[in-house]
Amino acid sequence: MNVLSCSINTLKGLYDISGVEVGQHFYWQIGGFQVHAQVLITSWVVIAILLGSATLVVRNPQTIPTDGQNFFEYVLEFIRDVSKTQIGEEYGSWVPFIGTMFLFIFVSNWSGALLPWKIIQLPHGELAAPTNDINTTVALALLTSVAYFYAGLTKKGLGYFGKYIQPTPILLPINILEDFTNLYHLVFDLPSIVPIPVMFLGLFTSGIQALIFATLAAAYIGESMEGHH
Numbered sequence: 008m009n010v011l012s013c014s015i016n017t018l019k020g021l022y023d024i025s026g027v028e029v030g031q032h033f034y035w036q037i038g039g040f041q042v043h044a045q046v047l048i049t050s051w052v053v054i055a056i057l058l059g060s061a062t063l064v065v066r067n068p069q070t071i072p073t074d075g076q077n078f079f080e081y082v083l084e085f086i087r088d089v090s091k092t093q094i095g096e097e098y099g100s101w102v103p104f105i106g107t108m109f110l111f112i113f114v115s116n117w118s119g120a121l122l123p124w125k126i127i128q129l130p131h132g133e134l135a136a137p138t139n140d141i142n143t144t145v146a147l148a149l150l151t152s153v154a155y156f157y158a159g160l161t162k163k164g165l166g167y168f169g170k171y172i173q174p175t176p177i178l179l180p181i182n183i184l185e186d187f188t189n190l191y192h193l194v195f196d197l198p199s200i201v202p203i204p205v206m207f208l209g210l211f212t213s214g215i216q217a218l219i220f221a222t223l224a225a226a227y228i229g230e231s232m233e234g235h236h
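According to this note's numbering, the sequence shown is numbered sequentially starting from 8.
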């Protein structure tokens, strides 16, 4: 019972973390909801960069690949390797998810170091990389958690939940708690994404953090499909 209560507290802790505020923030009021506009604006910019870059490269593919095509093919091959290593032979359908996570985090981190967000004036607060905000981190972790359960249920159906009573039903609360603590691993992998004064070191660190998050996400999905911890 104590372990089950701990699991509930873990979920509550994630909810509380998403409400943490440091400094001033700019909000939009949409209906009855208060939306964190700073994160949405910078996230849209990052998404536009990714979509724009991909569109420019693939809209007119050449028989002899251009530098842009070669670069995107290298990135895709890299993401495939990470997915296959962590998930196994059934990795193919998860490449888009893992790739999206990796590229969004990677470009978000670099945007914090390379884009002059501070020159854009807001009524309150200032713009920064999306991954600087704990709400983005929690959202990415929750998406990965949904993918984790979806992968297991898709492959094994309701029999997937049998893993929680293996090797003995006594471990049910502990196995449940382990899944929730996986969320914490992802949440706290990204908050350290703050631009480092030494730019080149900061860019290198940003890439490593994106890789770690994508690798952990793929590992959790692979673990779910295998049906054991």
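We treat Cβ as the ideally placed atom computed from N, Cα and C, and that holds for glycine.
Between Y157 and Y227, the CB-CB gap reaches or exceeds 8 Å. For Q45, the uninterrupted alpha helix (DSSP H) segment begins and ends at A44 to V65.
CA-CA distance, T70 to L134, rounds to 41 Å.
Listed in chain order, the non-local C-beta contacts of G159 below 6 Å within the same chain comprise Y167 and S231, local neighbours out to five positions each way being set aside. When beta bridges are read from the DSSP output, F40 appears opposite I37. In the DSSP assignment, I105 falls within the alpha helix (DSSP H) that extends over V102 to L121.
Ranking G169, T188 and S115 by CA distance to the CA of I215 puts S115 first. When the five nearest sequence neighbours on each side are left out, no beta carbon in the same chain lies closer than 8 Å to the beta carbon of G59. If you draw a 10 Å sphere on the C-beta of Y81, you find fewer than 16 other C-beta atoms in it, and that means exposed. Residue environment: V42 is assigned as exposed (fewer than 16 neighbouring CB atoms within 10 Å of its CB, all protein chains considered). With respect to the 8 Å criterion, S118 and A146 are not classified as neighbours on the basis of their beta carbons. CA-to-CA, the gap between G38 and E233 works out to about 43 Å. Taking T49 as reference, the option from F211, L121 and P68 with the minimal CA-CA separation is L121. Look at Q216 here: in three-state DSSP terms it is helix. With a beta-carbon spacing of about 11 Å, V89 and A217 fall beyond the 8 Å limit used to define contacts. Residue burial is scored here from C-beta neighbours: F211 has fewer than 16 other C-beta atoms within 10 angstroms and is therefore classed as exposed.
One alpha carbon belongs to E97, the other to K91, and they sit about 8 Å apart. In the DSSP assignment, T144 falls within the alpha helix (DSSP H) that extends over I141 to K163. For a cut-off of 8 Å, the C-beta gap from V64 to N142 is around 31 Å, too long to register as a contact. Straight-line measurement puts the Cα of F113 at about 15 Å from the Cα of A148. Annotated three-state conformation of I177 is helix, per DSSP.
Comparing C-alpha distances from S152 to each of I181, P174, M108 and Q173 shows the shortest one belongs to M108.
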